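Q:
In my numbering, the protein residues as written are 221 to 355.
1. Sort 247, 328, 352, 331 by Cα distance to residue 285 and report the nearest one.
2. Residue 243 and residue 290 look like a contact to me (Cβ under 8 Å); what is the Cβ gap, rounded to whole Å?
3. Evaluate residue 344 with the Cβ neighbour count: other Cβ atoms within 10 Å of its Cβ, from every protein chain shown; 16 or more gives buried, anything less gives exposed.
4. Run through DSSP, which three-state label would residue 298 get?
5. State the beta-bridge partners of residue 262 as determined by DSSP.
6. List in chain order: all unbroken beta strand (DSSP E) runs of 3+ residues lying wholly within the segment 227 to 292.
7. Whole angstroms is fine: what's the gap from residue 314's alpha carbon to residue 342's?
8. What do you get for residue 348, buried or exposed, if any count of 16 or more other CB atoms within 10 angstroms of its CB means buried?
9. State yes or no: is the C-beta of residue 265 within less than 9 Å of the C-beta of residue 301?
10. In chain order, which continuous runs of the alpha helix (DSSP H) of length 4 or greater are located wholly inside the segment 315 to 350?
11. Check residue 312 in the structure and name its three-state DSSP category.
12. From residue 350 to residue 263, what does the alpha carbon distance come to, in whole angstroms?
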């Protein structure tokens, strides 16, 4: 792993454009990090089309803005479907977060256990598989 951070933004319920501004803030941070580390290619997990709720709309917007920023920066982008990632990592396209974590090799899994659930442990497990599996 080169670098890891949880990008946090502050919710502003009185600003009608808040979700758009937070999407831009997150995408800008990712764009900055890609420039800083001279990233040439990115694998990103695709959207979960079976999910429901308002957050899915914001996450879809974030997903598209991030991919747009990466492509504008001439970074090669591969979007991997969540079921394809799970199947490649665990043998089952229906694996849950814990199963994805358990599919990480023991030494690396021990490193991931240092991060709390809300600080990215399961996201890092997904990222591990995105980076290490042949797609």
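Note that CB positions come from ideal geometry on N, CA and C, so glycine has one too.
Model, not experiment: these values are computed from the prediction.
A: By the coordinates alone:
1. 247
2. 14 Å between Cβ atoms; not a contact.
3. buried
4. strand
5. 297
6. 261 to 265
7. 15 Å
8. buried
9. yes
10. 317 to 322, 326 to 332
11. coil
12. 6 Å
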